Amino acid sequence: MASQTNFEGLVHKVLHEPGFWSKLKSDPEGALKAHGFHPTPAQVAALKSLDYNSIRGVAQAFNGPAQGTIC
C-alpha cells in the first residue's frame, strides 16, 4: 500500500517491521520506496544525516542491549 511519507508512518515502520531499521540506515531512499513511501529529497537528506549510533544508544538505554528493532 503506497502512502505519503510522514514521521508517524516512518516510526511505525521502524518499530513494527523487522529489518526495516537496518535497511533505512544503509539506503534510506530505497528502504522507503520499497515499503510504499514516496520520500522527498529533504526527507532522504534528513535520514542520511542522522547519527544512527546515537539513536541506537538511546534505544539501548531504555530497552537493554539486545531488545527491540532499533538495537
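The numbering of the sequence shown is this note's numbering, which starts it at 8 and goes up by one.
Where is the CB? At the ideal position from N, CA and C, for every residue including glycine.
What you are looking at is a predicted structure, and each value in this text was computed from that prediction instead of being measured.
* Within 10 angstroms of the Cβ of A9, are there 16 or more other Cβ atoms? Answer buried if so, exposed if not. => Model confidence at A9 stands at a pLDDT of 45, short of 50, so the residue's coordinates are unreliable; what they give is reported in the following sentence. Exposed, by the Cβ-count rule.
* With a threshold of 16 other CB atoms inside 10 Å of the CB of P72, please say whether the residue is buried or exposed. => exposed
* To do: For H45, name the three-state secondary structure that DSSP assigns.
  => strand
* Asked: For the stretch 47-57 against the stretch 23-30, are there 3 or more C-beta pairs whose distance is under 8 angstroms?
  -> no
* Asked: Ordered along the chain, which non-local residues of its own chain (more than five positions away) have a Cβ less than 7 angstroms from that of L54?
  -> L31 and P35
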